[in-house]
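Asker:
Residue numbers (full-length UniProt numbering): 1 to 301.
Laid out in structure tokens, this is it:
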């Protein structure tokens with residue numbers, strides 16, 4: 001017989017909020033957001049047909065019906081815990097995250113930052129895969145992904161991290177060898193081209209005549225474009241995130257305080273996974289902390 005049972009995540013959220021007398025404390029214990037706990041509680045109240053909590057000052061206290069239900073739910077969760085003791089193998093798996101990123105993001109942003117993450121969370125093991133695909137995670141063995149796109153993906157959780165900007169950069173050596181670079185003479189210099197990032201939009205933003213630069217090096221890989229700029233071979237139109245570390249270390253310099261909006265934005269996406277939720281929450285928090293200008297517009301689709 002088919003049983004219409006509430007999701008275990010709903011019962012866990014209710015039990016934690018009841019035991020800790022608050023949604024924020026429950027969210028912290030479960031490594032989810034306050035909003036997620038609140039949504040689970042509202043869904044459970046709708047299911048049972050009566051209120052489970054009432055507010056008293058800063059605390060969320062159980063109604064009498066809520067206390068009765070909390071006792072029963074706790075007994076059920078305790079019974080399930082006794083029935084399914086911890087599996088050491090599952091404990092290990094809970095701390096292994098498979099992350100899929102494009103090679104430019106991995107090489108130019110993620111890898112330079114990973115030392116901080118490992119220092120903060122030495123028990124979490126990251127398996128990093130690179131992919132040329134800008135689309136959504138379609139591999140069940142992948143837990144999370146850093147994606148550059150329009151965010152129009154279904155079936156995953158996502159957080160919009162950063163709206164992309166593009167602007168010209170070059171090496172200090174190139175700048176020294178070509179003094180007096182200005183908007184008026186920019187097109188007289190070696191402008192590195194990429195098959196996706198067009199100079200046309202930036203020229204328009206800068207008030208310059210449109211058109212792609214001619215007789216210059218052209219690449220189909222963003223990392224190669226950045227490497228060419230680092231090697232002093234010309235001026236690259238670069239994505240802000242991908243040159244962040246090079247600008248900080250002064251291996252590249254920004255030429256003008258003019259930016260064009262990138263075609264897409266950066267997102268962190270992931271599949272729901274109760275076993276790995278704690279580890280994924282820590283990784284999400286770390287990524288956001290490394291991008292203080294993040295957009296913070298997460299949603300489930």
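All C-beta atoms in this analysis are idealised placements derived from N, C-alpha and C, irrespective of residue type, glycine included. All of these numbers come straight from a predicted model, not from anything done at the bench.
(1) For residue 105, I'd like the list of residues in its chain whose CB is within less than 6 Å of its CB, leaving aside the five on either flank, ordered along the chain.
(2) Any idea which residues DSSP pairs residue 82 with across the strands?
(3) At a cut of 8 Å, does the segment 123-133 reach the segment 159-172 through at least three beta carbon pairs?
(4) Within the same chain, show all residues whose beta-carbon is closer than 8 Å to that of residue 171, passing over the 5 residues directly before and after it, in chain order.
(5) DSSP state of residue 14, grouped into three classes?
(6) Along the beta strand (DSSP E) that carries residue 212, what are the first and last residues, could you check?
(7) Closest by CA to residue 202, which one among 42, 46, 168 and 265?
(8) Report yes if the CB atom of residue 207 is closer than 8 Å to the CB atom of residue 239, and no otherwise.
(9) Give the straight-line distance between the Cα atoms of residue 194 and residue 27, rounded to the nearest whole angstrom.
(10) Does the segment 69-85 come close enough to the segment 110-130 to have 3 or more Cβ pairs within less than 8 Å?
(11) Among the residues of its own chain, which have a CB less than 7 Å from the CB of residue 191, if the five just before and after it don't count?
(12) How should residue 108 be labelled, buried or exposed, when 16 other C-beta atoms within 10 angstroms of its C-beta is the threshold for buried?
(13) Going straight from the alpha carbon of residue 225 to that of residue 248, what length do you get?
(14) Check whether the Cβ atoms of residue 73 and residue 15 lie closer than 8 Å to each other.
(15) Quick one: which unbroken alpha helix (DSSP H) runs of 4-plus residues sit fully inside the segment 150-180? Chain order, please.
(16) For the alpha helix (DSSP H) containing residue 225, name the first residue and the last one.
(17) Who are the Cβ neighbours of residue 116 in its own chain at under 8 Å, not counting the five residues just before and after it?
(18) Looking at C-alpha atoms only, which residue of 204, 113 and 76 is the closest neighbour of residue 5?
(19) Shortest alpha-carbon distance to residue 196 belongs to which of 177, 166 and 187?
(20) Hey, out of 58, 70 and 55, whose CA is closest to residue 11's CA?
(21) How big is the Cα-Cα spacing for residue 8 and residue 51?
(22) Is it the case that the Cβ atoms of residue 98 and residue 156 are separated by a distance below 8 Å?
(23) Which residues does DSSP list as the beta-bridge partners of residue 56?
(24) Given that a residue counts as buried once 16 or more other Cβ atoms are within 10 Å of its Cβ, and exposed if not, what is residue 111?
(25) Need the endpoints of the beta strand (DSSP E) that residue 272 sits in, please.
Answerer: This is what the structure gives:
(1) 146
(2) For residue 82, which the question treats as bridged, DSSP gives no partner whatsoever.
(3) no
(4) 229, 230, 231, 232, 251, 252 and 253
(5) helix
(6) Where residue 212 is concerned, there is no enclosing beta strand (DSSP E), given that its DSSP letter is neither H nor E.
(7) 168
(8) no
(9) 44 Å
(10) no
(11) 199, 213, 216, 234 and 235
(12) buried
(13) 18 Å
(14) yes
(15) 172-177
(16) 222-230
(17) 286 and 290
(18) 76
(19) 166
(20) 70
(21) 19 Å
(22) no
(23) 59
(24) exposed
(25) No beta strand (DSSP E) holds residue 272; DSSP gives it neither H nor E.
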